[in-house]
Amino acid sequence: MRQALARGFLILVTLFVVAMYYLPIGRVDFAENWGEGTFGLTIPARTVTVVSVDKGSSADRAGIRAGDRLAERGNYEISSRLRSAYPGERETVAFKRNNLTYVATVTAVRNPNFGFWQRIGGVLAYVPPTVFLIVAFLLVFLRPSIMSWAFYVFAVGYFGTSPVYMYWSHVLPHAAYVVLTFVLSTVFGPWSVLPLLPFILRFPNGDVNGWRRRVDPFIWLFLALSYGLYVVEWQFYYRTSESLPTWDVIPSTVIPVVAFVAAGLILAKNVSLATPSDRQRWGFLAIGTFASFLAYAIYFVPGIPFAVGQVIGFAVVLMPICIAYAVFRLRVLDVNFVLNRALVYGILSLGVVAFVSVLDWFFSRVVALGRLALGVELLVTIGIGFLLDRINRVVERIVESVFFRRRRLAEKHLRRAASALPYATDETAIVDGLVQIPVDALELAASALYRRSGGGSRYEGVATARQTPVAPPGFDGNDLLVRMLLADESVVWLDEIRSHLDAENAAIYTLAIPVTVRHELVSFTLYGAHANGAELDPDEVELLKELAREAARAYDHVEARRAQLRYSQILTNETAQTT
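To convert, count from 1 in the sequence shown and add 188; that's the numbering used here.
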């Protein structure tokens with residue numbers, strides 16, 4: 189129930205985020221400058237002082253001069269509208285000059301410096317935060333926790349706030365806009381870097397054991413105090429000042445950089461204390477995350493042009509890509525979700541559809557701008573249709589070769605091993621097929637086989653995998669697990685009956701799969717999760733069930749061979765006695 193509520197809340201928050209950030213898309217350039225129209229004056233972000241006026245512009249004709257200040261100090265709404273005009277829009281604004289107030293009415297015209305390629309640049313600027321949002325959404329949806337929610341806030345904070353300020357200043361009423369500016373300034377502004385700390389501290393399993401437990405309270409104190417500072421700064425600017433306070437360097441630069449340095453140190457310590465096998469698996473993840481830290485930190489280094497930060501900032505996608513790689517391939521994150529082809533196809537197909545949609549829009553714009561014939565546009569559309577089919581085949585090959593190559597080889601090996609089981613003439617081959625072969629193919633932590641004895645009154649352990657020989661010695665015929673396997677002749681997940689199992693010897697096992705012959709339980713196998721801690725997914729469980737079905741035929745075949753040998757022995761004895 190709690191997980192369902194968390195997922196519902198996630199969907200609502202994401203819908204809000206998508207509406208808030210994506211509606212301005214296409215109206216800003218690569219450096220997040222509004223481009224539709226202009227009043228002919230320049231007011232830097234989060235200030236109220238005019239720094240320049242274009243000669244001959246509407247602002248120039250209205251008498252506005254450099255150095256004039258907005259009369260309504262700290263009003264985000266007015267300054268945002270003046271920086272983000274739509275062609276034909278009129279604004280009547282009060283300015284101050286030499287302690288005198290005057291009112292000017294300005295009319296926006298189309299910005300001649302904002303064209304098709306500037307729009308494309310603005311769309312491209314949304315690519316990295318979109319990657320962040322997709323990965324963060326999946327992470328929270330699959331495993332709602334403090335760790336995943338912290339990453340979500342960090343990911344949403346990567347979106348630029350300038351287009352949001354400017355777009356919504358034309359849409360929302362004053363009271364709603366004030367609330368929006370408060371949220372943007374205190375949560376999704378520079379403060380959004382700080383949730384990176386609880387995420388890194390809890391990565392990858394969400395716990396805070398050992399030294400991390402001692403560090404955790406200080407991190408939350410740092411987040412709380414910093415948030416209070418951002419609230420004070422918003423109040424200072426919005427209600428009392430014409431510009432940002434002189435101490436703005438602390439919340440805008442010092443605090444985010446400190447957060448990045450602390451996150452890097454925490455990640456380095458986590459990697460250094462990991463086991464050699466874990467350290468090897470996390471190598472790619474750690475390198476990509478460090479590179480992402482550095483790329484993101486560029487934004488907070490004074491003196492670096494924003495456009496340069498945007499270009500370098502594309503490297504931040506390494507972090508969500510590495511996390512997605514860890515989930516899909518290395519299974520570093522314990523997300524307890526179903527990883528199957530449908531999920532990966534769905535995610536990649538969504539990306540393909542988005543890509544082709546942008547491509548179609550792009551070519552349509554090119555054709556429209558060039559005033560080419562309708563037939564050319566039709567040919568372009570047909571070409572994109574063929575491209576979609578080609579991309580679909582490429583995506584399928586990529587999914588199979590990159591994400592599921594090892595899985596595909598394991599499936600092929602297990603199915604061949606399963607089809608070979610009915611030809612076994614000795615139970616030793618069946619034991620190997622049910623125990624060691626699936627452990628090696630699927631990289632499982634453990635497996636143990638139990639065989640019926642004493643007419644079904646008990647099931648004794650006959651074999652375990654070489655990797656982990658720990659297992660319960662046997663099960664009584666009246667044991668709950670045995671009765672459930674007899675009743676349903678289906679898989680039993682051991683977490684449902686964990687309290688009825690041997691706490692020490694059965695802890696590593698997660699499910700039991702029966703082998704039934706003519707509705708009689710002749711044996712069953714316990715399997716553990718993957719060696720890296722990830723649970724078995726439904727496709728893998730189906731493979732193990734197929735293995736059990738073929739094992740049932742093998743047991744039947746072996747029993748038939750035994751009966752045949754006994755019958756032959758009886759005939760031989762009778763013949764000898766007769767002669």
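For each residue, glycine too, the CB sits at the ideal point set by N, CA and C.
Check: Three-pair Cβ contact test at 8 Å for the segment 275-289 versus the segment 302-318; Outcome: no
Check: Bridge-paired residues (DSSP) for residue 702; Outcome: 712
Check: Beta-bridge pairing of residue 644 - partner residues as DSSP gives them; Outcome: DSSP output for residue 644 lists no bridge partner at all.
Check: For residue 190, the three-state DSSP class (helix, strand or coil); Outcome: helix
Check: Option in 676, 667, 673 and 657 with minimal Cα separation from residue 695; Outcome: 657
Check: Pair within 8 Å by beta-carbon distance, residue 234 and residue 425; Outcome: yes
Check: Beta-bridge pairing of residue 635 - partner residues as DSSP gives them; Outcome: 715
Check: Three-state secondary structure assigned by DSSP to residue 393; Outcome: coil
Check: Pairwise C-alpha distance: residue 688 and residue 742; Outcome: 31 Å
Check: Counterpart residues of residue 138 in DSSP-defined beta bridges; Outcome: The first residue shown for the chain is 189 and the last is 767, placing residue 138 beyond what the model contains.
Check: Residues of its chain near residue 247, where Cβ-Cβ distance is below 7 Å and the 5 sequence neighbours each way are ignored; Outcome: 227, 228, 229, 241 and 294
Check: Sequence-distant residues of the same chain with beta carbon closer than 6 Å to residue 554, five excluded per side; Outcome: Only weak support is given to the placement of residue 554: the predicted model assigns it a pLDDT of 49, under 50, and the value that follows is read from those uncertain coordinates. Correct list: empty, nothing qualifies.
Check: Sequence-distant residues of its chain with Cβ nearer than 7 Å to residue 208 (five each side left out); Outcome: 352
Check: Buried or exposed (CB count within 10 angstroms, at least 16 for buried), residue 448; Outcome: buried
Check: Nearest residue (CA-CA) to residue 259, options 245, 271, 269 and 281; Outcome: 281
Check: Counted within 10 angstroms of its Cβ, other Cβ atoms place residue 300 as buried (16 or more) or exposed; Outcome: exposed
Check: Exposed unless 16 or more other CB atoms sit within 10 angstroms - verdict on residue 458; Outcome: buried
Check: Secondary structure of residue 357, DSSP reduced to three states; Outcome: coil
Check: Cα-Cα separation between residue 417 and residue 596, rounded to whole angstroms; Outcome: 53 Å
Check: Identity of the residue in 454, 344, 476 and 608 nearest residue 506 by Cα; Outcome: 476
Check: Local conformation of residue 226 per DSSP, three classes; Outcome: strand
Check: Presumed contact (8 Å Cβ cut-off) between residue 697 and residue 670, rounded CB distance; Outcome: Contact doesn't hold; Cβ gap of about 15 Å is too wide.
Check: Those runs of the alpha helix (DSSP H) which lie wholly inside the segment 290-370 and span at least 4 residues; Outcome: 304-312, 315-330, 334-344 and 350-356
Check: Endpoints, beta strand (DSSP E) assigned at residue 278; Outcome: 278-285
Check: Inter-residue spacing [alpha-carbon to alpha-carbon] between residue 302 and residue 270; Outcome: 16 Å
Check: Backbone secondary structure at residue 404 - three-state DSSP; Outcome: helix
Check: Proximal residues to residue 194 (C-beta, below 8 Å), its chain only, five neighbours per side dropped; Outcome: 328 and 332
Check: Own chain partners of residue 638 with C-beta closer than 8 Å, once the 5 adjacent residues on each side are dropped; Outcome: 647, 648, 649, 650, 662, 663, 711, 712, 713 and 714
Check: CB contact flag (residue 412, residue 383, <8 Å); Outcome: no
Check: Residue 345, buried or exposed, once every other Cβ within 10 Å from all chains shown has been counted against 16; Outcome: buried
Check: Start-to-end residues for the beta strand (DSSP E) that takes in residue 663; Outcome: 662-664
Check: Cα-Cα separation, residue 371 to residue 250; Outcome: 34 Å
Check: Separation of residue 325 from residue 203, as counted between CA atoms; Outcome: 11 Å
Check: Selection from 707, 692, 509 and 607 that minimises the alpha carbon distance to residue 676; Outcome: 707
Check: Residue 724 beta carbon less than 8 Å from that of residue 621; Outcome: no
Check: Contact with chain C by residue 374, beta-carbon distance below 8 Å; Outcome: No chain C is present in this structure, which holds just one protein chain.
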